[in-house]
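Using UniProt numbering, read the sequence shown as starting at 1 and increasing by one per residue.
Note that CB positions come from ideal geometry on N, CA and C, so glycine has one too.
Small disclaimer: the values here were computed from a predicted structure and weren't measured.
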Amino acid sequence: MTPALIPPPLSLYVHLPWCVRKCPYCDFNSHAGKGALPFDDYVDALVRDLEHDLPLAWGRTVHSVFFGGGTPSLFPPDAIDRILQAASSRLRFAPEAEITLEANPGTAEHGRFDGYRAAGVNRISFGIQSFDDGCLQRLGRIHDSAEAEAAVRLAQDAGFDNLNLDLMYALPGQDLGMALADLERAFALQPAHISHYQLTLEPNTVFFAQPPQGIPDDDDAWDIQERCQERLAEAGYAHYETSAYAREGRQCAHNLNYWRYGDYLGIGAGAHGKITLGAEQTILRRWKHKHPATWMEAAGGAGAIGGDDRIEPSRRPFEFMLNALRLHQGFALADFEVRTGMSRDSIQAALQLAGQREWLVVSDSHVVPTALGRRFANDVIALFL
Ligand SMILES: C[S@@+](CC[C@H](N)C(=O)[O-])C[C@H]1O[C@@H](n2cnc3c(N)ncnc32)[C@H](O)[C@@H]1O
Ligand code: SF4
1 MTPALIPPPL SLYVHLPWCV RKCPYCDFNS HAGKGALPFD DYVDALVRDL EHDLPLAWGR
61 TVHSVFFGGG TPSLFPPDAI DRILQAASSR LRFAPEAEIT LEANPGTAEH GRFDGYRAAG
121 VNRISFGIQS FDDGCLQRLG RIHDSAEAEA AVRLAQDAGF DNLNLDLMYA LPGQDLGMAL
181 ADLERAFALQ PAHISHYQLT LEPNTVFFAQ PPQGIPDDDD AWDIQERCQE RLAEAGYAHY
241 ETSAYAREGR QCAHNLNYWR YGDYLGIGAG AHGKITLGAE QTILRRWKHK HPATWMEAAG
301 GAGAIGGDDR IEPSRRPFEF MLNALRLHQG FALADFEVRT GMSRDSIQAA LQLAGQREWL
361 VVSDSHVVPT ALGRRFANDV IALFL
């Protein structure tokens with residue numbers, strides 16, 4: 001029998017697209033802001049965009065909110081307050097909802113974090129990247145290491161105890177010792193969570209067109225990754241997803257919902273959403289126009305929508321695995337069924353093959369990737385295409 005799709009927990013993603021300067025490695029939908037930024041108009045447009053998406057989420061509870069960018073910390077606290085007020089008066093918020101805001105240390109003014117906290121933000125995610133001033137310069141960052149540390153302390157002084165620090169490794173001119181030194185500087189600030197990303201050269205970036213000198217080769221990058229993983233574990237940060245490490249109980253609820261194939265509304269320029277429509281027994285993906293000016297003008301109407309896509313049942317196992325197999329704890333087969341509307345029998349052959357190759361450990365109720373499976377993640381996921 002085909003299982004029924006049951007709507008999973010709902011999150012809200014809010015895209016704030018401007019940055020002080022575009023970093024040469026970054027392919028996010030982020031734009032160097034020129035002159036005074038239209039914060040008020042953008043917030044008005046967000047509210048219209050949310051209203052337009054509301055019929056997709058009637059009666060549902062929001063479990064997490066994520067202000068991503070771009071550089072959300074460019075937005076003044078009263079703008080963030082207005083967005084949260086508008087969202088929480090239109091959608092029910094869980095009392096313990098995790099509300100994260102991404103911050104660039106170069107935008108951390110005194111008093112700003114108190115304002116975000118008063119608005120309801122309870123988690124800050126800092127784009128630190130490195131604590132080495134040479135590396136920061138080669139990455140084109142607008143801050144140095146002292147400013148990064150000062151920004152984290154400002155947030156802590158404002159009462160934020162749930163902080164994430166983004167670090168990147170395999171940076172131009174970086175060796176193993178430098179990558180480990182970055183971790184030690186991060187540990188000294190005692191964040192709840194660390195995201196540790198390997199620098200990738202993304203198409204349509206300056207680094208892709210003109211790769212910088214001194215990027216560690218694959219073997220050296222692997223070495224850095226393995227040694228850093230060990231150090232993170234020793235320091236009490238459990239590795240729970242490809243690039244995510246957390247202290248006990250401090251995993252990122254918002255990202256966990258993505259990785260568990262949960263639902264999310266996406267508002268703002270270029271934002272993506274995924275919503276399970278129980279009555280129609282379908283999964284809808286919706287994305288908004290990427291360019292801030294185009295999106296702002298059209299927000300509130302169908303013209304702001306870049307596209308709508310209903311996910312055919314046959315595509316869902318692949319989409320589910322793409323997310324769930326990033327998690328070290330894997331997933332429950334019962335969740336696979338209610339989140340994809342597909343029976344476990346439909347993936348039996350692929351699971352069996354992955355089990356034989358020692359990529360997955362499959363029991364009656366759960367599927368867990370092995371270390372080998374995590375290393376060959378793309379091959380594992382391809383079995384579910
Ligand atoms: C959208 S950015 C948000 C943070 C904020 N805009 C900043 O940079 O300070 C999220 C994170 O993605 C990571 N990232 C961006 N581009 C990357 C790349 N090409 N390779 C690896 N990680 C990248 C960085 O660690 C960055 O902090
Ligand atoms: S500040 Fe963050 S989002 Fe903006 S360009 Fe740099 S990495 Fe990308």
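For residue i, the residue or residues it bridges with in DSSP
i: residue 395; result: What is shown of the chain runs 1 to 385, which leaves residue 395 out entirely.
i: Gln129; result: Leu167
i: Cys19; result: Ala32
i: Ile305; result: Lys288
i: Pro369; result: Leu360
i: Phe331; result: Val367
Check: residue i C-beta below 7 Å from any heavy atom of ligand 1
i: residue 393; result: Missing from the structure shown is residue 393; the chain here goes from 1 to 385 and no further.
i: Asn204; result: no
i: Tyr245; result: no
i: Glu226; result: no
i: Leu101; result: no
i: Cys26; result: yes
i: Leu104; result: Residue identity differs from the one stated: residue 104 is Asn in this sequence, not Leu. The answer is yes for Asn104.
i: Gly249; result: no
i: Gly301; result: no
i: Leu199; result: yes
Own chain partners of residue i with C-beta closer than 7 Å, once the 5 adjacent residues on each side are dropped
i: Ala233; result: His239
i: residue 386; result: What the structure shows of the chain is the stretch from 1 to 385, and residue 386 is not part of that stretch, so it cannot be assessed.
i: Asn122; result: Glu98, Ile99 and Asn162
i: Leu50; result: Ala86, Ala87, Arg90 and Ile267
i: Thr205; result: Pro24, Tyr25, Cys26 and Asp27
Under 8 Å between C-beta atoms of residue i and residue j
i: His63; j: Ser145; result: no
i: Gly330; j: Ala354; result: no
i: Phe113; j: Ala158; result: yes
i: Tyr261; j: Ala334; result: no
i: Leu199; j: Leu171; result: yes
i: His196; j: Ser125; result: no
i: Ala299; j: Ala36; result: no
i: Asp132; j: Asp166; result: no
i: Ser343; j: Thr2; result: yes
i: Arg247; j: Ala192; result: yes
i: Pro95; j: Arg60; result: no
i: Arg21; j: Gly134; result: no
i: Val152; j: Leu189; result: yes
i: Leu56; j: Val338; result: no
Cut-off 6 Å between Cβ atoms - residues of its own chain near residue i, not counting five sequence neighbours on either side
i: Ala271; result: Tyr13, His15 and Lys288
i: Asp218; result: none
i: Leu74; result: Trp18 and Thr107
i: His328; result: Tyr240
i: Gly285; result: Reading the sequence as shown, one finds Arg at residue 285 and not Gly. So the list reads Lys274 and Asp309, once near-sequence residues are dropped.
i: Gln210; result: none
i: Ile283; result: Thr276 and Ile311
Any non-hydrogen atom of ligand 2 closer than 7 Å to residue i Cβ
i: Lys22; result: yes
i: Gly270; result: no
i: residue 386; result: There is no way to answer for residue 386, as the model of the chain reaches only from 1 to 385.
i: Gly127; result: yes
i: Ser30; result: yes
i: Cys19; result: yes
Beta-carbon contacts of residue i that lie in its chain and below 8 Å, excluding the five residues immediately before and after
i: Asp81; result: Gly115, Ala118, Ala119 and Gly120
i: Trp359; result: Pro369, Thr370, Leu372, Gly373, Phe376, Asp379 and Val380
i: His366; result: Gly330, Phe331, Ala332 and Leu333
i: Ala150; result: Pro105 and Ala108
Checklist entry - Would you call the region 305 to 316 and the region 374 to 383 touching, i.e. three or more CB-CB distances under 8 Å? => result The region 305 to 316 vs the region 374 to 383: no contact.
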